[in-house]
Ligand SMILES: [Zn+2]
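In this note's numbering, the protein residues as written are 1 to 306.
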């Protein structure tokens, strides 16, 4: 930070953005605050036996029961809109919580049906899951999402094409860039494309905070002050780089009292950075879509014969 409270580049100059990329006039970088409303679905999908475990199910229910209202209050205090990725099954189980998010003016986006990993899933099943998630968000919320985030950020090589085929504007899953970009869904010339809003594990609350014995985490639960410092460093560095700070939180994780308090502090810090655009994923994707960006093609590696 400089004395004026603004992040400064060590060289005192601005790094060049990727070719063709720019932010709107007066904007130097962006931040988006996102919430994956996994509730019970993340555990039931990865560990179906936990359906018999009241303790695990209740732990996950902290999200819609207790955390969502707290998060909505803090977002309202800060006057920002966020993006909530909601599995269709969660919307069906928790319609009042899902509607409270929608009614507060936040963006609703797709996050699977029962939070299924698409790794190893056949194409027909993957498409069925996507459609079932869409139908649930439509039935419960009357929403047709423009954004898709894969559960666990797990993808296969077909996933972008399936997502594009269903008319999504953007996806938010990959970890190969600091800026939004246009992603070709396949290597063939003229392939369809999506806007990709990159993420990273270091900007996910699950790893530093979450622990369920035998299911996830190591038992080392970081202090919110440590997490705030980590995220603030990345926020300020990405502001210097002119990139996108894309934070992934889960209500059942970051909606706990002291974690929510530091999340609010982080949002305040973001709002204090001159020229930082705090926006929803869809707003950032819509802007990026209007740029003349050459699509990035991810080629599937071929393994060498041994
Ligand atoms: Zn999730």
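Here a beta-carbon is modelled for each residue, glycine too, at the ideal position from N, C-alpha and C.
Using a threshold of 8 Å, state whether the C-beta atoms of residue i and residue j are closer than that.
{"i": "residue 343", "j": "residue 244", "result": "Outside the displayed span of the chain (1 to 306) sits residue 343, for which this structure offers no information."}
{"i": "residue 32", "j": "residue 280", "result": "yes"}
{"i": "residue 291", "j": "residue 20", "result": "yes"}
{"i": "residue 307", "j": "residue 87", "result": "The chain is shown only over 1 to 306; residue 307 falls outside these bounds and no answer can be derived."}
{"i": "residue 247", "j": "residue 47", "result": "no"}
{"i": "residue 84", "j": "residue 250", "result": "no"}
{"i": "residue 192", "j": "residue 161", "result": "yes"}
{"i": "residue 73", "j": "residue 267", "result": "no"}
{"i": "residue 58", "j": "residue 89", "result": "no"}
{"i": "residue 132", "j": "residue 154", "result": "no"}
{"i": "residue 93", "j": "residue 39", "result": "yes"}
{"i": "residue 276", "j": "residue 270", "result": "yes"}
{"i": "residue 147", "j": "residue 170", "result": "yes"}
{"i": "residue 223", "j": "residue 116", "result": "no"}
{"i": "residue 253", "j": "residue 206", "result": "yes"}
{"i": "residue 17", "j": "residue 242", "result": "yes"}
{"i": "residue 186", "j": "residue 66", "result": "no"}
What does the Cβ neighbour count give for residue i, buried or exposed, with the cut at 16 atoms within 10 Å?
{"i": "residue 5", "result": "Note that residue 5 scores 49 on pLDDT, short of 50, meaning its location in the model is unreliable; the coordinates nonetheless yield the value given after this. Answer is exposed; the Cβ neighbour count stays below 16."}
{"i": "residue 180", "result": "buried"}
{"i": "residue 182", "result": "buried"}
{"i": "residue 201", "result": "exposed"}
{"i": "residue 55", "result": "exposed"}
{"i": "residue 106", "result": "buried"}
{"i": "residue 307", "result": "Residue 307 lies beyond the range of the chain shown here (1 to 306); nothing can be said about it."}
{"i": "residue 303", "result": "exposed"}
{"i": "residue 112", "result": "buried"}
{"i": "residue 305", "result": "exposed"}
{"i": "residue 22", "result": "exposed"}
{"i": "residue 97", "result": "buried"}
{"i": "residue 221", "result": "exposed"}
{"i": "residue 149", "result": "buried"}
{"i": "residue 184", "result": "buried"}
{"i": "residue 159", "result": "buried"}
{"i": "residue 1", "result": "Note that residue 1 has pLDDT 45, beneath the 50 cutoff, so the model's placement of it is unreliable and the number below is only indicative. Classification for residue 1: exposed."}
{"i": "residue 225", "result": "exposed"}
{"i": "residue 231", "result": "buried"}
{"i": "residue 143", "result": "buried"}
{"i": "residue 70", "result": "buried"}
{"i": "residue 314", "result": "Given that the chain is displayed from residue 1 to residue 306, the structure contains no residue 314 and the question cannot be resolved."}
{"i": "residue 43", "result": "buried"}
{"i": "residue 76", "result": "exposed"}
{"i": "residue 294", "result": "exposed"}
{"i": "residue 301", "result": "exposed"}
{"i": "residue 126", "result": "buried"}
What residue range does the beta strand (DSSP E) around residue i cover?
{"i": "residue 80", "result": "No beta strand (DSSP E) contains residue 80, which DSSP labels as neither H nor E."}
{"i": "residue 41", "result": "Residue 41 -> not in any beta strand (DSSP E); alpha helix (DSSP H) instead, spanning 41–46."}
{"i": "residue 307", "result": "This structure cannot settle anything about residue 307, because the visible part of the chain is limited to 1 through 306."}
Could one say the Cβ of residue i lies closer than 8 Å to chain D's Cβ atoms, at least one of them?
{"i": "residue 190", "result": "The question asks about chain D, but that chain is absent: this structure has only one protein chain."}
- prompt: Where in the segment 266–305 do unbroken runs of the beta strand (DSSP E), each at least 3 residues long, occur, reported from the N-terminal end onward?
  reply: You should have 276–278.
field: Start-end ranges of the beta strand (DSSP E) lying completely within the segment 196–272, minimum 3 residues
entry: Counting whole runs of 3 or more residues, the segment 196–272 contains the beta strand (DSSP E) stretches 244–249.
message: Using a strict less-than 6 Å threshold between each residue's beta carbon and the heavy atoms of ligand 1, what residues do you get?
response: Answer in sequence order: 36, 38, 42, 111, 115 and 151.
Alpha helix (DSSP H) runs wholly inside the segment 125–211, at least 4 long, in chain order: Runs found: 159–165 and 206–209.
- prompt: Which runs of the alpha helix (DSSP H) fall wholly inside the segment 48–78 and span at least 4 residues, in chain order?
  reply: Complete alpha helix (DSSP H) runs here, min 4: 54–62 and 68–78.
task: Could I get the ranges of all uninterrupted alpha helix (DSSP H) runs contained in the segment 90–118, with 4 residues as the minimum, in chain order?
output: Runs of alpha helix (DSSP H) with 4 or more residues, each lying fully within the segment 90–118, are found at 95–103, listed in chain order.
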